[in-house]
Structure formats: structure tokens, C-alpha cells
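*Asks:* Residue numbers (our numbering), protein chains in the order written: chain X, 1 to 401; chain V, 1 to 407. To start, I am sharing the structure in question, which I have written as C-alpha cells.
Right under this line is the structure:
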């Protein structure tokens with residue numbers, strides 16, 4: 001498997017999904033070699049392939065790190081900024097890494113080719129565009145079937161204006177693949193309509209959530225209600241719609257607190273917007289949260305809102321429900337396909353979002369029913385089921401059961 | 001000789017419009033007139049008009065030997081009058097044949113019997129007056145909303161002078177007994193109880209077009225032979241009128257099935273009777289039904305309307321406002337409050353089988369039971385503000401609007 005990130009060092013849902021899926025596969029007795037970029041950090045540049053082993057599920061997952069500067073959710077300009085930073089500290093870095101994000105993706109693919117010569121495997125499984133080139137290289141070297149797993153497309157990330165080079169890589173990967181896995185029907189439709197892939201080639205495997213106990217309930221000293229946004233503060237996640245709804249809610253319920261947990265390229269703009277709307281004292285920005293802090297944030301909140309503009313799946317509402325927090329989710333999301341017991345809104349419908357936020361905050365029977373029944377929806381999902389579906393796809397490609 | 005009794009339920013609620021928090025205290029139009037009009041027109045065209053026409057033809061063709069009974073709710077009647085008066089005319093024509101009986105129920109198709117006897121009695125009177133006004137008949141037989149029934153109801157209805165009452169022939173109340181006889185409810189003196197034969201009724205109403213059913217396709221011959229084989233004196237086929245043309249579309253052959261059914265039954269020496277004719281038979285036994293039964297879902301209890309906390313909260317608040325609403329003497333306010341009592345509003349809040357998608361979705365204007373609860377509670381908040389006559393002041397939204405009033 002080729003991925004971008006793996007917990008605990010993940011910035012988004014992709015790492016969580018890869019962890020859940022590999023654990024599910026491992027439970028089914030599959031040997032997984034997981035290759036991921038190490039990121040250009042303070043670690044040594046000398047070893048090209050770092051290896052360590054991780055025990056999750058029944059089997060050992062072998063992690064293989066490639067020394068590249070690829071980081072999940074990296075944009076081209078962010079890559080260049082980060083390369084410049086590295087060169088300032090180490091004169092030779094400029095020669096080691098690609099001059100831009102795309103060169104680096106190609107470099108990652110070259111290294112992937114070498115890895116695939118050393119490892120023994122039956123199927124190549126790639127997660128999202130940065131790894132597609134690597135997957136194609138590995139397929140050429142090994143002749144093994146390629147599965148491309150689409151967690152998101154550049155249409156989702158950019159609100160419908162994909163970067164042409166990213167799009168080309170995505171398209172190439174999907175067409176080179178023997179099978180494509182989409183995380184939802186929402187994404188399957190996107191793949192069919194924007195990438196010219198026959199729907200017959202695309203299989204939907206919905207994500208799941210790890211079943212674990214909720215974090216201990218943390219309440220602020222005050223009795224004020226808390227509404228949470230948690231995710232990257234980027235166009236895709238719709239933080240701006242959250243902010244507009246917040247300002248409308250506050251006109252009717254002046255004491256509600258709105259928490260924005262996460263960072264991203266719209267962070268500054270959101271801080272400014274809260275001030276412009278005159279609601280700065282009711283909006284708290286926490287920055288990026290990880291590990292236990294994420295669960296704490298959910299359990300502190302009275303309501304979680306996911307106003308994504310385009311969300312291929314969206315694991316966060318499941319995590320919120322796991323912490324007994326009801327959710328309002330964007331209709332433009334894959335998770336709404338597996339969460340019938342949730343409140344849904346169109347991301348652009350700020351009025352309706354406001355209406356629903358106020359409803360949940362005031363009607364406790366509604367809140368209780370959403371949590372109770374939403375958790376029933378969650379109990380129906382499991383990574384083992386997702387892994388089972390992947391195994392069937394592998395079996396179809398390799399003839400092995 | 002065994003007879004067949006068809007009773008059809010005709011009901012349409014006043015559906016609510018999307019009523020948001022911003023509307024509270026500002027806008028007191030709760031009902032979606034456009035949607036209600038569109039649905040009335042659509043169902044009239046697909047079901048009510050063609051089925052009335054078919055029933056009329058059958059009555060003529062059999063020289064009055066084909067008979068049926070209807071229970072038409074007040075909320076359906078007033079919407080027919082407003083949006084498709086041709087339906088009222090065609091029911092009047094049916095009434096004029098003398099082969100059609102109209103039953104009694106609550107005007108608003110409400111659950112009021114369970115919450116307020118005073119309100120229940122009022123709605124039964126309103127409905128009776130409406131039937132008298134439109135069809136010149138005085139109903140003698142009562143059926144409660146969704147066939148909800150227990151001993152207490154039978155006793156109460158007997159006290160109002162009714163001679164018969166209908167209920168679901170649920171297995172858990174009948175045990176080994178057959179629904180095909182006349183019974184007397186425990187705690188009553190004279191009133192007769194007729195029970196729905198749910199197996200044969202549901203063969204038509206639910207299974208008729210189901211290709212996965214081993215008996216599909218259901219022919220009139222096959223159905224008539226089942227009816228012939230059944231024991232008892234009466235086969236009570238109770239179902240929604242919308243079965244014809246709406247639940248079962250015309251292309252399933254449902255109209256042709258009905259068209260040929262009478263002659264198949266006649267061939268086997270069966271006749272048609274209306275409820276008030278059947279109750280002339282002596283009861284075969286007493287039946288003790290303490291807990292309410294209904295004809296809804298597999299459970300055949302109250303859980304479709306009163307199965308979760310949202311449903312209980314909504315209906316308790318609605319009836320908690322009763323006294324203040326009535327004391328207001330505001331006719332519009334009282335009428336709005338009554339329209340909110342229609343059982344459909346609580347049915348839409350049902351979460352029982354929501355995830356699987358089912359019959360609760362039929363004509364359901366909401367995305368989810370949660371949306372339906374929010375709309376309803378927002379409206380109750382507005383009702384409370386109207387009662388306090390304090391619109392325009394700072395609005396406090398609450399799940400207990402009656403507490404704002406009854407202090």
C-alpha cells in the first residue's frame with residue numbers, strides 16, 4: 001500500500017482511514033506493507049528507506065518510510081515554501097528534493113519502484129493522487145494488479161477548480177488501475193462524471209470508525225452551549241458557512257460559543273471574518289488538534305457541524321457521535337449515505353443550518369434521539385466490513401482467495 | 001351465508017410547511033397550502049375519482065348488491081371542498097345509491113382519545129355534523145384513528161350512542177379466535193365489534209403488486225377461493241382507499257382486480273354487506289382488549305405515533321396547551337391547534353424503521369423524523385407566543401412552550 005500519512009502523525013481523515021483499513025485487513029490475515037513519505041524533517045537524509053513494524057490487529061503491519069518532502073494535503077505553494085525553509089538550514093537539501101511538488105511526486109514514484117523490487121506482494125493498493133505515480137511504477141515493475149483508492153479528488157479539495165497537473169495524475173492513476181475504490185457513491189459519481197471512468201470499474205467501500213469509548217465529558221465552567229467545527233480550515237470544509245451561521249444563531253441565542261478546531265489556508269480569513277461580524281468573543285480558534293484533544297473537543301461540544309462543500313466521505317461526524325455529540329452534516333458528503341439518523345443541510349443553505357443548530361441546542365429530546373440513533377448507525381459500520389470488500393476486490397484481481 | 005365487508009379509509013392531513021426558528025413570533029401560517037393542494041389533486045386523479053367511478057359502476061352493474069363503507073376524515077373533506085370539489089360530488093353520488101355507508105371518526109384524525117376525552121368528543125361531533133351536512137347520513141358505526149381500539153374506547157363510544165365499532169383483528173388480541181365473527185367488547189352492553197381480517201386485507205392492500213410474493217400475481221379467482229375457504233360469517237376487508245391507484249398503481253391491475261371481484265364472490269355464494277348490516281348479527285363472544293391495538297406496522301400498537309421521546313414530548317406539549325387555547329376563544333388559534341392534532345404529524349417523527357426506509361416515507365414531506373419534530377416544536381413555540389400575545393418581544397425558544405403559558 002502506498003499512502004501519505006499514518007496515525008499518530010496525521011493531519012486529516014486519510015491517515016485515520018488508512019489505519020482502520022489496514023487494521024481490518026490485518027484482522028483478516030493479510031500482510032500489509034505500508035509505504036509512506038517520511039516528510040522532510042530533522043531526520044537523517046541518508047537512509048532512503050526507513051522501516052519499522054507496527055502491530056495492529058492480528059498481523060504485523062510493516063511500515064516503510066520514503067524520504068521525501070511530500071506531506072498530506074500539501075499544495076504546490078506550500079511545498080515550495082517548505083523546501084525554501086529546508087534549504088536555509090541545510091545547503092544540500094535543494095539538490096536532494098524536487099524543485100516543485102510535482103517533481104517530488106515523481107521522485108517518490110521512482111523510490112516506490114525500488115521498494116517494489118525488494119518487497120513481495122500480490123496487489124498494489126494506492127491511496128490518493130500523490131501515490132498514483134508510485135503505484136503505476138510499481139505495477140510496471142512487478143506486473144501486479146493496481147487498485148486505486150479515491151478518498152478525495154481535486155474537485156473536492158478545490159471546490160470544483162482542480163489543478164490541471166493534479167487532475168492529470170488522478171486521471172492517469174484511475175485509468176491505469178485495474179479497479180478503483182471510491183469511499184462513497186458521492187465520490188463514485190464524481191469519478192464517473194469528471195474523470196471518464198466507467199462506473200463498472202468503480203467499487204464503493206464506505207469508511208468506518210474505530211469503536212471505542214467516549215472521552216470523559218469535559219464541560220467548560222460556564223453553561224453556555226458549544227457548537228464545534230473541526231477540520232482543516234480550507235475551502236473544501238466550508239468554515240465560512242459555519243461562521244455565517246454562527247452570526248445568525250447569535251442573533252437569537254447570544255450566549256452560544258462557536259469553536260473552530262483546525263488550521264488551513266483560510267484560517268486568517270476566518271479570524272478576520274469573526275471580527276467583521278462582531279462575534280469574535282463568541283468564536284474560539286484552537287488551532288490544530290490531535291490525539292486525545294480531538295475527542296475532548298467533541299465531548300465538550302453540544303453539537304458538531306460539518307458544513308463541507310464537497311466531502312468524499314467525512315469520518316469526523318462518526319467520531320463526534322462516538323463522543324455522544326449530535327451532528328449536522330452537509331448533504332454534499334459521502335458520510336450522509338451511511339448516516340441516515342443525522343440532520344442534513346446543503347452547505348450553502350445558511351438559513352437552514354442556523355435553524356437546525358438552534359433546534360438541536362434547544363430541543364433536548366431531539367439531541368438525545370440524534371445521538372442514540374446515530375450511534376446505532378455507527379454500530380452497523382466496521383473496518384472489518386470495509387476490509388472484507390477490499391479482499392473481494394483483490395480476489396477478483398488475483399484469483400487468490 | 002358468508003358476506004364480505006369493504007371499508008375504505010380516506011384521509012389526508014394538512015401538511016406543515018418548513019417552519020423555521022425565524023418564523024416563531026413572526027409568521028403564523030403553519031400549513032403548506034401549495035403542497036396540500038398538489039397532493040389532493042394528484043391523488044384525486046390517480047385514486048379517488050377513478051375508484052369512486054369504479055365503485056359506482058359496480059353498484060349499478062350488480063343492481064345494488066355491491067356495497068362498501070367509507071370513513072372520510074374532516075381534514076380530507078375540507079381539502080376536497082377547497083381543492084377538488086369534484087371528489088365531494090362523486091361521494092355524494094355514491095351516497096345516493098343507498099349502497100354506501102359513511103362511518104364516524106374524529107374530524108382531525110387525531111389521537112385525542114388518549115389525551116383528552118373532552119376534545120375527542122368534540123371532534124367526533126364535528127365529524128358527524130360534517131357527514132350529515134354533506135351526505136345526509138348519520139353514522140351508526142365508529143372507527144377510531146388508525147383503528148386504535150381498546151375496551152375503554154368501546155365503552156365510551158357506546159355511551160355516545162353508537163351501535164358498532166371497528167378494530168384490527170390482531171393475532172395478539174384474538175389468540176385462537178377468528179376475526180370473521182361479530183364480538184362484544186368487554187365492559188360494554190350492546191355495541192358490536194367488527195375486526196379486520198388483516199391477512200386477506202393486506203393481500204390486497206400491501207402484497208398485491210409484490211413480485212417477490214409467492215402468490216403473485218393475485219387473481220380474482222385465487223382471492224375469491226381464499227375468501228370462500230375462510231370460516232365465519234363476515235370477512236372484513238379494511239384498508240386505505242389510496243390502495244387503489246396510489247399505493248398500488250393502476251398498471252399493477254388493481255382496478256381490474258376489483259372490477260372482477262364481485263362476480264367471483266357471487267359465484268361462491270358470498271354477498272356484500274356494510275358494517276351496520278353485519279352488526280345485526282348476535283355477537284359470538286366477548287373480547288377483552290385492554291391495551292390499545294391499531295392497524296399500523298407489524299407491532300399493531302401505538303409505537304408508530306408514540307414510540308419515541310420526541311413523539312411523546314410533542315404530543316404532551318400540544319395537549320398541555322388545550323385549556324389556554326380553548327379559553328382564548330380565538331377561532332383561528334383553536335382551528336390551528338386542532339389541525340396539529342392529526343396523527344400524521346407524529347407518524348412523521350417515527351424513528352422505528354427509519355434507517356431501512358419504509359411505508360412511513362409515503363407522502364412524508366420531511367427529510368427525517370428529526371426535521372419533522374423541529375418543525376412541530378417551532379410551531380408550538382409560536383402558538384404559545386400567540387396565546388401570550390407577546391409577539392415581537394425577545395423570543396425564548398423552549399421544548400416546553402406550555403410552561404410559558406401555564407404559570
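Glycine is no exception: its CB is placed at the ideal position from the N, C-alpha and C atoms.
Against chain V, with Cβ distances strictly below 9 Å, would residue 369 of chain X count as a contact?
*Replies:* Yes, contact with chain V.
*Asks:* Using beta-carbon positions only, say whether residue 28 of chain V and residue 342 of chain X come within less than 9 Å of one another.
*Replies:* The answer is no: Cβ separation not under 9 Å.
*Asks:* Name the residues in the stretch 306-337 of chain V whose C-beta lies less than 7 Å from a C-beta of chain X; which are they?
*Replies:* From the stretch 306-337 of chain V, only 308, 309, 310, 313 have a Cβ closer than 7 Å to chain X.
*Asks:* Rounded to whole angstroms, how far is the Cβ of residue 156 of chain X from the Cβ of residue 163 of chain X, which I believe are closer than 8 Å?
*Replies:* The pair is not a contact, with the Cβ atoms about 12 Å apart (cut-off 8 Å).
*Asks:* Using a Cβ cut-off of 9 Å, pull out every chain X residue sitting near residue 373 of chain V, in sequence order please.
*Replies:* Result: 359, 363, 365, 366, 369.
*Asks:* How would you call residue 118 of chain X, buried or exposed, if buried means at least 16 neighbouring beta carbons within 10 angstroms?
*Replies:* Residue 118 of chain X should be labelled exposed.
*Asks:* So, helix, strand or coil for residue 4 of chain V, using DSSP?
*Replies:* Reduced to three states, the DSSP call for residue 4 of chain V is strand.
*Asks:* Any contact between the stretch 265-285 of chain X and the stretch 321-329 of chain X? By contact I mean 3 or more CB pairs, one from each, below 8 Å.
*Replies:* No, the stretch 265-285 of chain X is not in contact with the stretch 321-329 of chain X.
*Asks:* On the three-state DSSP scale, how would you describe residue 379 of chain X?
*Replies:* DSSP places residue 379 of chain X in helix when its eight states are reduced to three.
*Asks:* Using a C-beta to C-beta distance shorter than 7 Å, which residues of chain X count as neighbours of residue 63 of chain V?
*Replies:* The contacting residues do not exist; residue 63 of chain V stays about 53 Å from chain X at best.
*Asks:* Can you tell me the Cβ-Cβ gap for residue 168 of chain V and residue 191 of chain V, rounded? I've got them flagged as a contact below 8 Å.
*Replies:* Going by Cβ atoms, the distance from residue 168 of chain V to residue 191 of chain V rounds to 17 Å, so no, they are not a contact pair.
*Asks:* Would you call the CB atoms of residue 239 of chain V and residue 205 of chain V closer than 9 Å?
*Replies:* For residue 239 of chain V and residue 205 of chain V, yes; Cβs fall inside 9 Å.
*Asks:* Where does the unbroken alpha helix (DSSP H) through residue 323 of chain V begin, and where does it stop?
*Replies:* Here the alpha helix (DSSP H) through residue 323 of chain V covers 322-328.
*Asks:* From the DSSP output, in three-state form, read off residue 128 of chain X for me.
*Replies:* Here residue 128 of chain X sits in coil by DSSP.
*Asks:* Grouping DSSP H, G and I as helix and E and B as strand, with all else coil, what is residue 291 of chain X?
*Replies:* Here residue 291 of chain X sits in coil by DSSP.
*Asks:* Use the C-beta contact count for residue 140 of chain X: other C-beta atoms within 10 angstroms, 16 or more gives buried, fewer gives exposed.
*Replies:* The residue in question, residue 140 of chain X, is exposed, as its Cβ has fewer than 16 Cβ neighbours within 10 Å.
*Asks:* Taking only the alpha-carbon atoms, compute the straight-line gap between residue 146 of chain V and residue 350 of chain V and give it to the nearest angstrom.
*Replies:* So the two alpha carbons sit approximately 15 Å from each other.
*Asks:* Between the stretch 12-29 of chain X and the stretch 368-380 of chain X, do at least 3 Cβ pairs fall closer than 8 Å?
*Replies:* Not touching, per the Cβ criterion.
*Asks:* Name the chain X residues that come within less than 7 Å of residue 399 of chain V, Cβ to Cβ?
*Replies:* The contacting residues are 362, 363, 364, 365.
*Asks:* State whether the stretch 303-314 of chain V contacts the stretch 379-388 of chain X, with contact taken as three or more CB pairs (one from each stretch) at a distance under 8 Å.
*Replies:* Counting Cβ pairs under 8 Å, fewer than three are found: no touch.
*Asks:* Out of curiosity, what's the CA-to-CA distance linking residue 143 of chain V and residue 127 of chain V?
*Replies:* Approximately 12 Å, taken between the alpha carbons.
*Asks:* Decide yes or no for the touch test of the stretch 252-262 of chain X against the stretch 282-296 of chain X: beta carbon pairs closer than 8 Å, at least 3 of them.
*Replies:* They touch, by the three-pair rule.
*Asks:* Residue 194 of chain V lies in the beta strand (DSSP E); which residues open and close that run?
*Replies:* Residue 194 of chain V -> beta strand (DSSP E) spans 192-196.
*Asks:* In this structure, what does DSSP give as the bridge partners for residue 164 of chain V?
*Replies:* BP columns for residue 164 of chain V point to V:141, V:192.
*Asks:* When burial is assigned at 16 or more other CB atoms within 10 Å of the CB, is residue 26 of chain V buried or exposed?
*Replies:* Exposed is the call here.
*Asks:* Hey, how far is the Cα of residue 152 of chain V from the Cα of residue 10 of chain V?
*Replies:* Distance between the alpha carbons of residue 152 of chain V and residue 10 of chain V is about 25 Å.
*Asks:* In the DSSP assignment, find the beta strand (DSSP E) that holds residue 430 of chain X and state where it starts and stops.
*Replies:* Since the displayed chain X opens at 1 and closes at 401, residue 430 of chain X lies outside it and no answer follows.
*Asks:* Check whether the stretch 98-117 of chain X touches the stretch 127-141 of chain X, taking contact to mean three or more Cβ pairs, one atom from each stretch, closer than 8 Å.
*Replies:* Contact between the stretch 98-117 of chain X and the stretch 127-141 of chain X is present, because at least three Cβ pairs lie under 8 Å.
*Asks:* For residue 315 of chain V, tell me which candidate among V:290, V:372, V:52 has the shortest Cα-Cα distance.
*Replies:* Answer by Cα proximity: V:372.
*Asks:* So residue 204 of chain X and residue 188 of chain X are in contact, right, with Cβ under 8 Å, and what is the actual spacing, rounded?
*Replies:* Right, the Cβ-Cβ distance comes to about 5 Å (below 8 Å), so this counts as a contact.
*Asks:* Along the chain, where does the alpha helix (DSSP H) containing residue 124 of chain V start, and where does it finish?
*Replies:* Here the alpha helix (DSSP H) through residue 124 of chain V covers 117-135.
*Asks:* Hey, out of X:350, X:311, X:317, X:327, whose CA is closest to residue 333 of chain X's CA?
*Replies:* For residue 333 of chain X, the nearest C-alpha among the options comes from X:311.
*Asks:* Using a cut-off of 8 Å between C-beta atoms, extract the partners of residue 351 of chain X located in chain V.
*Replies:* The contacting residues are 20, 22.
*Asks:* Identify every residue that forms a DSSP beta bridge with residue 332 of chain X.
*Replies:* BP columns for residue 332 of chain X are empty, so no partner.
*Asks:* From the DSSP output, which residues share a beta bridge with residue 239 of chain V?
*Replies:* Per DSSP, V:8.
*Asks:* Excluding the 5 residues flanking residue 386 of chain V on each side, which residues of the same chain have their C-beta closer than 7 Å to its C-beta?
*Replies:* Around residue 386 of chain V: 28, 333.
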